[in-house]
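Residue numbers (this note's numbering): 189 to 429.
Glycine included, every Cβ here is placed at the ideal spot set by N, Cα and C.
Comments concern the structure below.
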Ligand SMILES: [Zn+2]
């Protein structure tokens with residue numbers, strides 16, 4: 189049945205066919221449709237560009253497991269049970285032919301403005317089911333215990349900073365309402381480690397608060413977390429000439 193279905197798939201465009209063939213057994217296991225098979229194959233082709241450009245980015249079809257970003261243990265999408273994205277709603281990849289480090293220039297810090305026990309899956313469901321987005325908008329999510337979860341893979345432009353303001357910006361969301369309460373020490377420790385790891389990997393990223401980026405006024409990431417980030421940012425900047 190699966191074999192038949194795959195045979196009836198149109199051939200992927202030439203440059204991608206090798207990788208599509210390699211991915212086919214994996215994708216067949218998930219019984220995806222022909223259309224999504226071809227679409228899912230496109231972003232995950234390490235043979236097609238500078239190897240370094242792919243080694244540092246994450247894509248849906250190629251990844252999903254836990255991974256280490258510098259010294260930070262990132263819990264992957266597969267482990268946390270995130271839903272598959274809805275590609276038809278639109279997802280933009282970064283340029284495969286260029287290093288991701290050349291395309292990312294800042295990190296934007298958010299809070300959920302909700303309870304500290306929110307999960308990466310509950311946020312994904314809100315973004316996909318209520319807002320109708322293709323996937324969770326943030327690239328990383330830090331839960332109430334300070335664990336770091338993968339959200340939208342880094343190879344894709346996020347949806348978190350506001351219309352037209354997401355290109356080149358990594359979205360990091362911390363669970364809780366920090367307009368009304370303090371972040372937990374474990375959450376802050378995870379955030380600093382993640383910011384440092386991203387900065388090491390992608391080089392000289394600006395750290396921004398959502399309220400500094402968004403066109404409309406917002407409290408995000410809340411006054412208590414904002415104050416902590418401002419202190420971290422000031423200390424970090426003072427180390428650089
Ligand atoms: Zn925000």
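- Rounded to whole angstroms, residue 354 and residue 408 show a C-alpha spacing of 16 Å.
- With the rule of 3 Cβ pairs closer than 8 Å, the segment 244–263 does not count as touching the segment 359–376.
- Of the candidates 357, 267 and 331, the residue whose Cα lies closest to the Cα of residue 254 is 267.
- For a cut-off of 8 Å, the C-beta gap from residue 414 to residue 258 is around 24 Å, too long to register as a contact.
- If you look at residue 308, you'll find it in the alpha helix (DSSP H) that goes 308–313.
- Sequence-distant Cβ neighbours of residue 273 in its own chain, meaning closer than 7 Å and more than five residues away, are 248, 279, 322 and 323.
- At least one heavy atom of ligand 1 is found less than 6 Å from the C-beta of residue 298.
- The C-beta separation of residue 423 from residue 374 comes to about 20 Å, leaving the pair out of contact by the 8 Å criterion.
- In its chain, beyond the 5 residues on either side, 416 have a beta carbon closer than 7 Å to the beta carbon of residue 376.
- Put simply, of 291, 340 and 277 the residue whose alpha carbon is nearest the alpha carbon of residue 319 is 277.
- Contact between the segment 299–310 and the segment 378–397 is not established, with fewer than three Cβ pairs separated by less than 8 Å.
- Counted as a single uninterrupted DSSP element, the stretch harbouring residue 286 is not any alpha helix (DSSP H), since DSSP gives it neither H nor E.
- Rounded to the nearest whole angstrom, the CA to CA distance from residue 401 to residue 349 is 6 Å.
- Within 6 Å of the C-beta of residue 327 there is not a single heavy atom belonging to ligand 1.
- Beta-bridge partners of residue 394 (DSSP): 294.
- The residue among 288, 315 and 283 with its C-alpha nearest the C-alpha of residue 271 is 315.
- Just measuring C-alpha positions, the residue of 284, 398 and 405 sitting nearest residue 418 is 398.
- Only exposed fits residue 405, as fewer than 16 other CB atoms lie within 10 angstroms of its CB.
- Set against 6 Å, the gap from the CB of residue 398 to the closest heavy atom of ligand 1 is smaller.
- According to DSSP, residue 359 shares a beta bridge with 296.
- Residues of the same chain with a CB within less than 6 Å of the CB of residue 387, apart from the 5 flanking positions on each side, are 393 in chain order.
- Closest by C-alpha distance to residue 275, out of 340, 420, 410 and 291, is 340.
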